[in-house]
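Data first, discussion second: the structure below is written as structure tokens.
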Ligand SMILES: NC(=O)c1ccc[n+]([C@@H]2O[C@H](COP(=O)([O-])OP(=O)(O)OC[C@H]3O[C@@H](n4cnc5c(N)ncnc54)[C@H](OP(=O)(O)O)[C@@H]3O)[C@@H](O)[C@H]2O)c1
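Numbering (this note's numbering), first residue to last: 1 to 305.
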């Protein structure tokens, strides 16, 4: 089974329609590196070529861990990371200055053991950053020097729409899942019309529809539950409206959630985070799996009217 590929905007560069999120629990020191490597290797074996990470993911351990795991393997791998926020003594510091952008990219190159990054994304910028000539100039220079192939931003839909209008970004990363549909779809259509790539973050909607989320059986699961309760409380509450997924014949929640995202042709890649090889393989099977039945799609549509 090989995951299908889609064009990265109108660039013609092909990326897997399911990418691997290399952050969160996957990147933490408490998650053994050997198991993290098993996930990456399995993903690459099945044709996943888009790996997404960030300098401040997993307490700063995600990028160097991914670099060690890849060990310079670069052929066919599309490496995406973030810029503009870094960790200082455990605190996230935002730095959109030209110097800060360059220093961050150089550090990422070192961490990831490579001489170029395929995609660098502004990590949750404030609106004024999009008007900041220093930031935009630094990104343009890094592109010109060949250190970075494409630039994008990971943000909410209002700012993503503005970024698409500006025309200087190749890609937008949006929260897009069964709980967050309409706003992201509007922006994804704008992006597609402008020839830009769209990465869907949190495509599994943090599996708030899975009762197992609330009965954690491992340290990873406890971490996911605490993260959901701390950062995604509204999603957790909204998850109740997805209980019908438990009883839907022939489908289970994660498949339906991922299929929903992949059925949007404006989405270039759904970036899924996982620490479980069985989940990874299960998710990849959605790529060449059946479409959502019309009645299930209609029910899912009703969750975010
Ligand atoms: N601001 C940003 O830049 C930003 C923000 C959010 C996300 N992202 C990107 O998007 C990636 C993914 O985001 P995310 O981790 O928030 O959300 P997600 O991928 O929607 O959800 C991850 C959760 O889904 C579970 N899962 C995955 N496949 C499963 C399956 N088949 N069955 C049951 N559970 C399954 C994982 O648990 P297991 O480990 O047990 O599989 C984990 O709890 C990140 O790693 C990052 O690359 C970026």
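Just so it is clear, CB atoms sit at the ideal spot from N, CA and C, and this is done for glycine as well.
Distance cut-off 7 Å: residue i Cβ against heavy atoms of ligand 1
i: residue 110; result: no
i: residue 191; result: no
i: residue 114; result: no
i: residue 10; result: no
i: residue 209; result: no
i: residue 61; result: no
i: residue 201; result: yes
i: residue 156; result: no
i: residue 288; result: no
i: residue 143; result: no
i: residue 283; result: yes
i: residue 82; result: yes
i: residue 69; result: no
i: residue 151; result: no
i: residue 36; result: no
i: residue 224; result: yes
Host alpha helix (DSSP H) of residue i (start-end)
i: residue 45; result: 33-45
i: residue 306; result: In the structure as shown, the chain begins at 1 and stops at 305. Residue 306 is therefore absent and cannot be evaluated.
Residue i vs residue j beta-carbon contact at 8 Å
i: residue 307; j: residue 254; result: Missing from the structure shown is residue 307; the chain here goes from 1 to 305 and no further.
i: residue 9; j: residue 195; result: yes
i: residue 17; j: residue 262; result: yes
i: residue 120; j: residue 93; result: no
i: residue 179; j: residue 230; result: no
i: residue 116; j: residue 85; result: no
i: residue 166; j: residue 190; result: no
i: residue 300; j: residue 260; result: yes
i: residue 183; j: residue 157; result: yes
Range of the contiguous beta strand (DSSP E) that encloses residue i
i: residue 199; result: 197-201
i: residue 271; result: 269-273
i: residue 5; result: 5-7
i: residue 118; result: 117-123
i: residue 137; result: Where residue 137 is concerned, there is no enclosing beta strand (DSSP E), although the alpha helix (DSSP H) it sits in stretches over 133-144.
i: residue 23; result: Careful: residue 23 lies outside any beta strand (DSSP E) and carries neither H nor E.
- [ ] Run through the stretch 62-108 for me and flag every whole alpha helix (DSSP H) of 4 or more residues, listed as ranges in chain order.
- [x] List check, alpha helix (DSSP H) in window: 62-70.
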